[in-house]
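The opening residue of the sequence shown carries number -5 in my numbering; numbering runs sequentially from there.
Below: the structure, in structure tokens.
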Amino acid sequence: MEIPSKYNALEVEDKWYSYWMNNKFFHSQPDEREAYTIVIPPPNVTGVLHMGHMLNNTIQDVLIRRARLRGYNACWVPGTDHAAIATEAKVVAKLKSEGIEKSDLSREEFLEHAWEWTDKHGGIILEQLKKLGCSCDWDRTKFTMDDDMSASVIRVFVDLYKKGLIYRGYRMVNWDPEAKTTLSDEEVNYEEKQGLLYYLSYKIEGSDEKVTIATTRPETILGDTAVCINPNDERYRHLRGKKAIVPICNRSIPIIEDEYVDMEFGTGCLKVTPAHDVNDKTLGEKHKLEVVDIFNEDASLNSYGLHYKGKDRFVARKEIAKELEEKGYLVKTETHINNVGTSERTKAVIEPRLSDQWFLKMEDLVKPALKAVLEDEEIKLFPKKFENTYRHWMENIRDWNISRQLWWGQRIPAYYYGEGKEDFVVAESAEEALKLAIEKTGNKELSLTDLNQDGDTLDTWFSSWLWPISVFGGILEPENEEINYYYPTNDLVTGPDILFFWVARMIISGYEYRKDKPFSNVYLTGLVRDKQRRKMSKQLGNSPDALKLIEDYGAGAVRVGLLLSAAAGNDLMFDEALCQQGAGFANKIWNAFRLVKGWEIDENKVQPESAKIGVKWYEAKFQQTLAQIEVDFDKYRISDALMAIYKMVWDDFCSWLLETAKPGYNESIDAKTYASVIEFFEANLKILHPFMPFLTEEIWQRIEERTPEEALIVSTWPELKEYDSELINGFNRVTEVVAGIRTIRKKKNIAKKEVLSLFVINNDKIDATFDSVISKLGNLDSITYVDEKVNGAMSFRVKSNEYFIPIGGAINVEEEIKKLKDELSYTEGFLKSVRGKLSNERFVNNAPEKVVAIERKKEADALAKIETIKESLAGLE
């Protein structure tokens, strides 16, 4: 089979992915082997592949391919998340572009549009993952809105409700006015923003007196229902029992007393707006205040907004501030830093809002999940530093607001049969709900038409927290074969930003519904940033097109580029040059393969001593590297594992072993050496396969014709064996000696084919084991051990040994001596200037540590160079 001169990544990748798929290599069914299972963090159904997905899924593919090679029954379950807020927003925007408002549609009509959108866009990201080489079991692809997945969610809701853990409450919630839904506390990001603090005067009813109140949100004065003072504040004691007049709306409100008010903060007078602040709500309940909600669901002002009705809250803020100033109510303004909550999904500024919502009690549910990670270490987080974050979140957990005011998602299975707050039942179906309602009321006349299902849906995370269980049917059929075989899963790879949203909640549900952990290890990747350390985003335009990178460099090159600097938990500084490095690595391996396959084999030729030693050395080197990468994988240092393989293949295999084994010009290679080189090539391909699956399979199949059962993807991971460390150390010295010879060749422009002699003063008392290798790689005619320096020779030192190469007529000795003396003089002058800096105490004490370290290195390098020059001069004079 003719080998193309260049590696064609795109052609090769399409070919082998189809081959793997056709042969069902990704598919898993329970059998007698031990399972190794990963569930994909389901990307949003409307999403497209970005750099974060690329990193996360490449790591998962590395783990699953390695597990497959190690003989496990490897199962990687893919799927997508219905992403209620994001998807509904996209569908609403699409409808609006067509002149259709969501409010003009029935729920059923809207859901038809949502499913149409999902069917059109839902599979895009999964198809893109195939381009990356992801070996998921595509037959198992799940969607959080599949019938069985939704049924699992509803069953869990009903179960938790029956256990008394789900309840309905009228609470102050985080309201996203853009998505028009409530959010859990964890879906709100807080950012420090500079705003204004407005000092406003409120008249005291029946007098000319005024009190000053400070607020950052002047529009909310229209919802004020009291002014609060501290009962111990002498300044305002005379206002007890009186009333204040709210500016603009002129509403008369009571002045109440409560020690909650901090006398030292602001003016000591607090406006109370129970509908728009969680602390004000508490005060309002305690003092039985009126609740005035001034906002519509989109945060525009309602009829309580008077002449500002219908205006956006931020527009109204400016206009109200202006009116307050014009009417003399605005005393002054000050700049003020405020912690502003924004929606994790839409980035809209959150409004506190009173609303009936469904909540899940978390206090007891969280206990096994805390213990599993922080005490028993049943589940390990990599890197370990995230345990502190996990502890903080879990120990300060609040009840989970699980209801959302959306139509896309699992509808809450609560059915109302009356007007009262408690006139409802919770059941998995309307038919079951009807039975419960009749039992509860004793009214046998009730029918299905009398029931109204709750209009809210469940938080998307309430479906994805069941993911490792529900993808194997473990909620609906708790004892089915698959859940008992594949659960608990092994590794989870995800971002630290969803450690609480998803990871912690999956752990909670795992112990609640399986009495077992959902996974053993959690590998938390860092964020992908650009080389300026900025987070990649569409807004900044600094995120490369993931598919374009694959098209330009090949999937293997992109995978290598991403992983070379992707240490767990640390952000990855992505630079396209990393992909170029990956492509360069692929070409290096391809060219090495072409070189080896171009050798002519002589079955009768005796194996040279140099090749025999080279083969023994590489066997030891491979085992040393294999031992290292096993440790790296155990500690989830995926980047380190790849770097160890990269260095071994590039330097040790391609540079040193192949040079040692390579036959001379127009010569053939002995069969024994060739067989060893091919064996090592195959071993390299096996450990490199998880990282560069396409290239490795292509070369594997070109080495010899293979049946599908012999494909690389299902071959066997190399066995770890003992190795000779001394052999490796000895060969390291060989590389230094050869490097010294090559440096002299380069400096003196001596051709590689010109044979040289080498003389050695053997101060280190090393034996001649590696002399044949040095002779081969240095193109030497002899190596002679001597007791004295050789005159008229160039020299170098390796440890304590001195090496001399007589150069005879190859150079003009006098010219060389002059050149070396000039170089010595320059280097000594340079050393003097460096030492001048280092002797300056002010410089050493005040310069940054790194700068001083650089100067010290310059000093050490100059000293070493001076010694080398002097040795060369001694050899020539």
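For each residue, glycine too, the CB sits at the ideal point set by N, CA and C.
Just so you know, these numbers come straight off a predicted model, no measurement behind them.
Could you pull the DSSP bridge partners for residue i from this structure?
| i | result |
| --- | --- |
| Met788 | Ile799 |
| Ser337 | Val182 |
| Gln447 | Tyr409 |
| Arg165 | Ser349 |
| Phe753 | Thr778, Phe798 |
| Lys237 | Pro248 |
| Tyr517 | Phe376, Val487 |
| Val71 | Val33 |
| Tyr263 | Here residue 263 is Cys; the residue named in the question, Tyr, does not match the sequence. For Cys263, which the question treats as bridged, DSSP gives the partners Ile223. |
| Gln188 | Ile331 |
| Thr175 | Asp170 |
| Arg398 | Thr451 |
| Ser294 | Asp306 |
| Asp566 | Here residue 566 is Leu; the residue named in the question, Asp, does not match the sequence. In DSSP, Leu566 forms a bridge with Val522. |
| Tyr193 | Ala208, Lys326 |
Apart from the five residues just before and just after residue i, which ones in its own chain have a Cβ nearer than 7 Å to its Cβ?
| i | result |
| --- | --- |
| Leu460 | Ser146, Val147, Val150, Ile469, Ser503 |
| Ala804 | Because the pLDDT of Ala804 is 48, which lies under 50, any placement of that residue in the model is unreliable, and the question is left without a value. |
| Ala427 | Tyr409, Val419, Ala421, Leu445 |
| Val732 | Ile768, Leu771, Gly772 |
| Asp202 | none |
| Phe494 | Glu180, Trp387 |
| Glu692 | Val6, Trp10 |
Determine the direct distance from the alpha carbon of residue j to that of residue i, and round the result to whole angstroms.
| i | j | result |
| --- | --- | --- |
| Phe688 | Val590 | 20 Å |
| Glu181 | Val167 | 12 Å |
| Glu861 | Ala762 | 27 Å |
| Ile501 | Lys511 | 6 Å |
| Thr52 | Phe685 | 8 Å |
| Arg727 | Arg791 | 11 Å |
| Glu890 | Leu318 | Outside the modelled stretch of the chain, which goes from -5 to 871, sits residue 890, for which no answer is possible. |
| Phe152 | Leu430 | Note on identity: in this sequence residue 152 is Val, with Phe being the wrong assignment. Taking the straight line joining both Cα atoms gives about 13 Å. |
| Ser866 | Leu572 | 40 Å |
| Lys90 | Ile223 | 48 Å |
| Cys648 | Thr690 | 15 Å |
| Ala841 | Phe824 | 20 Å |
| Ser297 | Glu121 | 50 Å |
| Thr214 | Thr267 | 7 Å |
| Lys606 | Tyr717 | 16 Å |
| Lys851 | Arg588 | 42 Å |
| His330 | Asp271 | 18 Å |
| Leu43 | Tyr161 | 38 Å |
| Met48 | Tyr1 | 22 Å |
| Phe308 | Lys187 | 14 Å |
| Ile(-3) | Ile735 | 34 Å |
Quick one: does residue i have its CB under 8 Å from some CB of chain B?
| i | result |
| --- | --- |
| Leu589 | Reference to chain B is not applicable here, since this structure consists of a single protein chain. |
To which residues of the same chain is residue i closer than 6 Å at the C-beta, ignoring the five residues directly before and after it?
| i | result |
| --- | --- |
| Ala577 | Tyr547, Ala551 |
| Gly260 | Ala208 |
| Glu28 | Tyr66 |
| Trp694 | Leu679, Leu706 |
| Val205 | Tyr196, Cys263 |
| Pro248 | Ala220, Lys237 |
| Glu371 | none |
Since residue i contacts residue j with CB under 8 Å, what's their CB separation in whole angstroms?
| i | j | result |
| --- | --- | --- |
| Ser457 | Asn484 | No, Ser457 and Asn484 are not in contact; Cβ-Cβ is about 22 Å, not under 8 Å. |
| Asp765 | Ile777 | 5 Å |
| Thr454 | Gly403 | 6 Å |
| Asp306 | Ala293 | 7 Å |
| Leu442 | Ala424 | 6 Å |
| Tyr612 | Phe675 | Not really, about 11 Å apart at Cβ, beyond 8 Å. |
What does a CB cutoff of less than 8 Å around residue i pick up in its chain, not counting 5 residues either side in sequence?
| i | result |
| --- | --- |
| Arg527 | Asp565, Met567 |
| Ile250 | Ala220, Val221, Cys222, Ile223, Val266, Leu277, His281, Leu283 |
**Request:** Assess, as a yes-or-no matter, whether the segment 193 to 212 is touched by the segment 307 to 327 under the definition of 3 or more beta carbon pairs within less than 8 Å.
**Result:** yes
**Asked** Do the segment 63 to 81 and the segment 35 to 47 make contact, defined as three or more Cβ pairs closer than 8 Å?
**Response** yes
**Request:** Check whether the segment 89 to 103 touches the segment 10 to 23, counting contact only when three or more Cβ pairs, one atom from each stretch, lie closer than 8 Å.
**Result:** no
**Prompt:** Contact between the segment 820 to 829 and the segment 852 to 865: three or more CB pairs below 8 Å?
**Reply:** yes
**Prompt:** Does the segment 209 to 221 come close enough to the segment 165 to 172 to have 3 or more Cβ pairs within less than 8 Å?
**Reply:** no
**Message:** Three Cβ pairs or more, each shorter than 8 Å: is that satisfied between the segment 577 to 586 and the segment 613 to 622?
**Reply:** no
**Asked** Given 8 Å as the limit, is there contact between the segment 443 to 451 and the segment 393 to 407, that is, 3 or more CB pairs closer than that?
**Response** yes
**Asked** Would you call the segment 655 to 672 and the segment 623 to 641 touching, i.e. three or more CB-CB distances under 8 Å?
**Response** no
**Asked** Can at least three beta-carbon pairs, one atom from the segment 515 to 522 and one from the segment 366 to 379, be found at a separation below 8 Å?
**Response** yes
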